[in-house]
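Peer 1: Before we start, here is the structure in question, set down as structure tokens.
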Amino acid sequence: MNVVALEDVHKRFGPTEALRGLSLTVAEGSILGVLGPNGAGKTTAINVLTTLVRPDSGRASVAGYDTVTEPDRARSVIGVTGQFAALDENLTARENLNLFARLNKLGRYAGRRRAGELLEAFGLAEVGDRRCGGFSGGMRRRLDLAVSIIARPLVLFLDEPTTGLDPNSRAALWEMVRGLRAEGVTILLTTQYLQEADELADQIAVIDGGQVIAEGSVATLKAKIGGAVCHLTLADPGTRARARDILGARYRITENGQLLSVPAQGSRTLTEVLRTLDTHEIEVDDAALRHPSLDDVFFALTGAPSTGAPE
Amino acid sequence: MTTNTAARPEFFRDAALLAGRAVRETFRSPATIVLGSFFPLVMLLAMTLGFADVVLPGRGYAGYVNYSLPLFIVMGVVFAALNTAVATYRDLHGGMDARLRTVAIARSAPLLGRVGADAVRNLATTVLVFLLGFALGFRFAAGPLAILGFFLLPVVFGFGIAWFMVAIAMRAKSAETAISLVNVLLLVLSFLSTGFAPKGSLAGWAEPIAAVNPLSSAIDAMRGLAHGGELTGPLLATLAWTVALTAVFGAVAVSAYRSRGERRSG
């Protein structure tokens with residue numbers, strides 16, 4: 001069952017067409033990674049789904065509730081973590097959680113208990129009574145995520161949740177997102193980081209110019225631009241011409257400097273290639289089977305490099 | 312569309328929760344503390360010690376404080392309200408407001424919460440300035456009902472001012488520019504009022520401005536409440552100003568708030 005659905009949504013801001021017939025679905029309990037460069041329409045898509053922006057045409061629904069005609073019902077089943085930590089810096093971490101627990105109609109005591117649980121679970125118990133204005137970027141993001149799930153939403157929207165975080169904080173946040181999926185929360189996350197989509201998402205939608213330009217599982221998308229490739233570096237550069245002729249008889253090889261690349265059908269190709277070269281007494285210095293990265297996928301689909309993987 | 316699910320009791324509950332949040336924020340914000348307490352207290356002290364004999368010769372500190380205390384209360388109220396604009400602006404542009412609008416709460420609860428918190432702050436300002444004034448010799452010469460009115464009037468007037476500030480924050484492109492302009496406006500209104508100097512001692516060109524100045528009305532009404540004398544005129548003028556500010560700027564703020572979000576892209 002699709003818990004999140006965008007159907008042919010158009011949205012224009014003045015002269016800019018942010019969404020041009022965007023359609024997306026997220027299956028219950030899964031994570032959809034929405035991947036795209038800056039300005040692709042990722043945030044607008046989230047804003048439409050979270051009732052912040054009204055689409056010009058098309059339909060958006062969350063758990064079956066139309067975001068335009070039943071906004072309050074839609075709001076009652078979602079949690080949102082935006083690009084900017086939406087916290088009151090003059091309140092403590094616990095006060096922020098308590099406030100949103102009460103606004104989400106949790107009772108005073110149920111809210112406090114839930115806030116305490118989340119502080120514990122997100123490693124914020126020790127700083128729970130400090131004002132979050134002094135928190136580090138990683139702590140803010142964790143608290144922000146905790147606030148967005150205070151009322152146990154069915155659907156969670158994460159808009160570039162790890163932008164600007166250091167690698168440790170990023171890994172910690174990924175862990176929490178995986179934990180939420182394990183609890184059955186359906187998640188839509190946008191990211192510019194291909195690695196992030198690769199790490200977290202079950203399904204990926206690549207969007208550009210307000211439209212989906214490719215979608216599918218991570219593996220499907222990788223397959224779309226071709227399978228794996230064997231990369232070979234020979235011990236003696238003088239043998240390269242001979243190796244190229246021998247392998248060229250069977251494979252469509254490409255040459256890039258010292259590197260010979262052979263399209264591979266799984267690891268068997270690698271074994272065959274190594275055996276063939278061994279038979280002809282050509283020594284190999286380095287051999288690797290490489291799967292295409294999402295960077296390659298993105299480049300193949302949009303003709304533009306992605307904004308870059310996190311360092 | 313939203314009204315069918317947002318029942319009235321929930322509206323007040325949500326507004327009260329958000330007012331509670333804004334009150335906490337207010338009392339923890341150094342800028343608000345400065346404008347809402349230090350500023351009027353220091354003004355009161357400095358003016359009394361420095362100018363009492365210039366403004367009202369021969370009547371001592373008590374005479375001056377009895378005359379001008381309402382001015383400093385009103386100044387504390389209107390200047391501290393600048394932080395209402397700042398806080399509203401910060402919510403709108405910092406993500407907090409977007410989060411609030413993704414929660415199933417009554418639409419205008421965040422605005423009403425903000426304005427409600429101002430009432431608490433304004434009462435605190437009034438009491439603080441009164442206490443210092445009392446130490447300097449301020450005394451009521453009126454009945455208990457009038458005294459109650461004296462403390463409530465700045466809160467009521469502050470309600471209109473709060474909507475003005477929220478509307479400014481809602482429409483401003485840059486918080487700093489808007490705040491600087493409003494700051495100048497408030498300063499000019501403070502000086503061109505009947506607060507610092509008695510009616511008749513202002514320059515001729517300033518008299519008509521002082522007469523229609525809402526700050527003059529509030530100050531004169533508080534004087535009337537504290538010591539008797541002319542009351543009905545300034546009281547009605549203050550209430551009229553409050554209603555007008557609330558109606559005009561409340562409408563601007565609410566309509567701007569409802570149409571928000573449509574301008575954002577990403």
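These protein sequence lines map, in sequence, to chains D and H.
Just so we're aligned, residue 1 is where the first sequence starts under the numbering used here, counting upward by one.
Just so we're aligned, residue 312 is where the second sequence starts under the numbering used here, counting upward by one.
Ideal Cβ placement from N, Cα and C applies to all residues, glycine included.
Just so it is clear, the structure is predicted and the values come from calculations on it, not from any experiment.
So with Cβ pairs under 8 Å, would you call D:T67 a contact of chain H?
Peer 2: Position 67 of the first sequence, counting from 1, holds the residue named residue 67 of chain D. Output row for D:T67: interface = no.
Peer 1: Quick one: list the residues of chain D neighbouring H:S340, beta-carbon separation under 9 Å, in chain order.
Peer 2: Here residue 340 of chain H refers to the residue found at position 29 of the second sequence. What H:S340 touches in chain D: N90.
Peer 1: Determine, for D:L99, whether the minimum Cβ-Cβ distance to residues of chain H falls below 8 Å.
Peer 2: Numbered from its first residue, the first sequence carries residue 99 of chain D at position 99. Chain H contact via Cβ: present.
Peer 1: With distances taken from CA atoms, which of H:L456, H:I472, H:R534 and H:V334 is nearest H:L382?
Peer 2: Along the second sequence, one-based indexing puts residue 382 of chain H at 71. Comparing Cα-Cα distances from H:L382 to each of H:L456, H:I472, H:R534 and H:V334, the minimum goes to H:R534.
Peer 1: Output yes or no for whether 8 Å exceeds the beta carbon distance between H:G347 and H:A391.
Peer 2: Here residue 347 of chain H corresponds to residue number 36 of the second sequence, with the count starting at 1. Here residue 391 of chain H corresponds to residue number 80 of the second sequence, with the count starting at 1. Cβ atoms of H:G347 and H:A391: closer than 8 Å.
Peer 1: Can you name, in chain order, every residue of its own chain whose Cβ lies under 8 Å from the Cβ of D:D8, other than the five neighbours on each side?
Peer 2: Locating residue 8 of chain D in the first sequence gives position 8, counting from the first residue. Taken in chain order, the residues that qualify are G21, L22, S23, S57, G58 and R59.
Peer 1: Helix or strand or just coil, what does DSSP make of D:P263?
Peer 2: Counting from one through the first sequence, the residue named residue 263 of chain D turns up at place 263. It is a strand residue.
Peer 1: Pull the bridge partners of D:K11 from the DSSP assignment, please.
Peer 2: Here residue 11 of chain D corresponds to residue number 11 of the first sequence, with the count starting at 1. DSSP output for D:K11 lists D:L19 as bridge partner(s).
Peer 1: Can you list the beta strand (DSSP E) stretches of 3 or more residues lying completely in the region 215-239 of chain D, in chain order?
Peer 2: The region 215-239 of chain D contains these whole beta strand (DSSP E) runs: 229-234.
Peer 1: Should D:R141 be labelled buried (16 or more other beta-carbon atoms within 10 Å of its own) or exposed?
Peer 2: Your numbering for residue 141 of chain D matches position 141 in the first sequence. Result: buried.
Peer 1: Let me see if you follow: with CB-CB separation under 8 Å, is H:A317 close to chain D or not?
Peer 2: Start at 1 with the first residue of the second sequence, and residue 317 of chain H comes out as number 6. Only weak support exists for where H:A317 lies, its pLDDT of 46 falling under 50; the coordinates are left without a value.
Peer 1: Is DSSP giving D:D159 helix, strand or coil here?
Peer 2: On the first sequence, position 159 is the one that residue 159 of chain D refers to. Note: D:D159 maps to strand in three-state DSSP.
Peer 1: Below 8 Å between beta carbons: does that hold for H:A373 and H:G448?
Peer 2: Along the second sequence, one-based indexing puts residue 373 of chain H at 62. Along the second sequence, one-based indexing puts residue 448 of chain H at 137. Yes; because the gap between Cβ atoms is below 8 Å, this pair is in contact.
Peer 1: Determine, using beta carbons only, whether D:D129 comes closer than 8 Å to chain H.
Peer 2: Translated into positions along the first sequence, residue 129 of chain D becomes position 129. D:D129 does not count as touching chain H.
Peer 1: Let me know the secondary structure DSSP gives D:E175 once reduced to three states.
Peer 2: On the first sequence, residue 175 of chain D is found 175 positions in, with the first residue counted as 1. Helix at D:E175.
Peer 1: Taking the alpha helix (DSSP H) that H:D408 belongs to, which residues open and close that run?
Peer 2: Locating residue 408 of chain H in the second sequence gives position 97, where the first residue counts as 1. Where H:D408 is concerned, the enclosing alpha helix (DSSP H) stretches over M407 to R412.
Peer 1: Mind checking whether H:N394 and H:A342 have CB atoms under 8 Å apart?
Peer 2: For the purposes of this step, residue 394 of chain H is taken as residue 83 along the second sequence, with counting starting at 1. For the purposes of this step, residue 342 of chain H is taken as residue 31 along the second sequence, with counting starting at 1. Yes; because the gap between Cβ atoms is below 8 Å, this pair is in contact.
Peer 1: I'd like to know if D:A60 contacts chain H, where contact means its C-beta is closer than 8 Å to some C-beta of that chain.
Peer 2: Counting from 1 along the first sequence, the entry for residue 60 of chain D is found at position 60. Output row for D:A60: interface = no.
Peer 1: Quick one: Cα of H:H404 to Cα of D:T269, how far?
Peer 2: Your numbering for residue 404 of chain H matches position 93 in the second sequence. Your numbering for residue 269 of chain D matches position 269 in the first sequence. Approximately 56 Å, taken between the alpha carbons.
Peer 1: With D:A60 as the anchor, note down where its beta strand (DSSP E) starts and where it stops.
Peer 2: The residue labelled residue 60 of chain D in the question sits at position 60 within the first sequence. S57 to V62 is the extent of the beta strand (DSSP E) around D:A60.
Peer 1: Could you check the C-alpha separation between H:T314 and D:N168 for me, to the nearest Å?
Peer 2: Sequence index remark: in the second sequence, residue 314 of chain H carries index 3 (1-based). Sequence index remark: in the first sequence, residue 168 of chain D carries index 168 (1-based). Summary for H:T314: the model assigns pLDDT 44, below 50, so the residue's position carries little reliability; its value from the coordinates is reported in the next sentence. Roughly 45 Å between the two C-alpha positions.
Peer 1: Which term fits D:T51, buried or exposed, when burial requires 16 or more other beta carbons within 10 angstroms of its beta carbon?
Peer 2: On the first sequence, position 51 is the one that residue 51 of chain D refers to. Answer is buried; the Cβ neighbour count reaches 16.
Peer 1: Could you round the C-beta distance between D:L221 and D:V297 to whole angstroms and report it? I think they count as a contact, below 8 Å.
Peer 2: Taking the first sequence and counting its residues from 1, the one referred to as residue 221 of chain D is at position 221. Taking the first sequence and counting its residues from 1, the one referred to as residue 297 of chain D is at position 297. Confirmed, about 5 Å.
Peer 1: With a cut-off of 8 Å, does the C-beta of D:F135 fall near any C-beta of chain H?
Peer 2: Within the first sequence, numbered from 1, the residue matching residue 135 of chain D stands at position 135. Answer no: the Cβ-Cβ gap between D:F135 and chain H never drops below 8 Å.
Peer 1: Can you check DSSP and say which residues form a bridge with D:A5?
Peer 2: Counting from 1 along the first sequence, the entry for residue 5 of chain D is found at position 5. Paired residue(s): D:T25 and D:S61.
Peer 1: Is D:L119 near D:A110, with beta carbons less than 8 Å apart?
Peer 2: One-based indexing of the first sequence puts residue 119 of chain D at position 119. One-based indexing of the first sequence puts residue 110 of chain D at position 110. It is not a contact, given that the beta carbons lie outside the stated cut-off.
Peer 1: Is there contact between the region 178-191 of chain D and the region 31-44 of chain D, where contact requires at least three CB pairs shorter than 8 Å?
Peer 2: Yes, the region 178-191 of chain D is in contact with the region 31-44 of chain D.
Peer 1: H:V414 CB to nearest chain D CB: under 8 Å?
Peer 2: Taking the second sequence and counting its residues from 1, the one referred to as residue 414 of chain H is at position 103. So yes, H:V414 belongs to the interface.
Peer 1: With H, G and I counted as helix, E and B as strand and the rest as coil, what does DSSP make of D:G33?
Peer 2: In the first sequence, residue 33 of chain D corresponds to position 33, counting from 1. The answer is strand: DSSP assigns D:G33 an E or B state.
Peer 1: Would you identify the three-state DSSP class for D:D208, choosing helix, strand or coil?
Peer 2: As a first step, residue 208 of chain D must be located in the first sequence, where it is residue number 208. Note: D:D208 maps to strand in three-state DSSP.
Peer 1: Could you tell me whether the Cβ atoms of D:N90 and D:R131 are closer together than 8 Å?
Peer 2: Translated into the one-based positions of the first sequence, residue 90 of chain D becomes position 90. Translated into the one-based positions of the first sequence, residue 131 of chain D becomes position 131. Yes, Cβ-Cβ distance for D:N90 and D:R131 is below 8 Å.
Peer 1: Report the residue from H:A532, H:A478 and H:A529 whose alpha carbon sits nearest the alpha carbon of H:T557.
Peer 2: For the purposes of this step, residue 557 of chain H is taken as residue 246 along the second sequence, with counting starting at 1. Checked all of H:A532, H:A478 and H:A529; the closest Cα to H:T557 is H:A478.
Peer 1: For a contact defined as C-beta to C-beta under 9 Å, what are the partners of D:I207 on chain H?
Peer 2: If you number the first sequence from 1, residue 207 of chain D lands on position 207. None at all; the shortest Cβ gap to chain H is about 12 Å.
Peer 1: Alpha carbons only, please: which of D:V53, D:G79, D:G82 and D:T81 is nearest the one belonging to D:T69?
Peer 2: Within the first sequence, residue 69 of chain D is the residue found at index 69, counting from 1. Nearest of D:V53, D:G79, D:G82 and D:T81 to D:T69, Cα basis: D:V53.
Peer 1: For D:R112 and D:S136, I'd like the C-alpha separation in whole angstroms.
Peer 2: Mapped onto the first sequence, residue 112 of chain D falls at position 112. Mapped onto the first sequence, residue 136 of chain D falls at position 136. For D:R112 and D:S136, the distance between alpha carbons rounds to 24 Å.
Peer 1: Using a Cβ-Cβ distance cut-off of 8 Å, determine whether H:S576 contacts chain D.
Peer 2: The residue you call residue 576 of chain H lines up with position 265 of the second sequence. Confidence at H:S576 is low in this model, with a pLDDT of 40, below 50, so its placement is unreliable and the value that follows should be read with caution. Yes, H:S576 lies at the interface with chain D (some Cβ there is under 8 Å from its Cβ).
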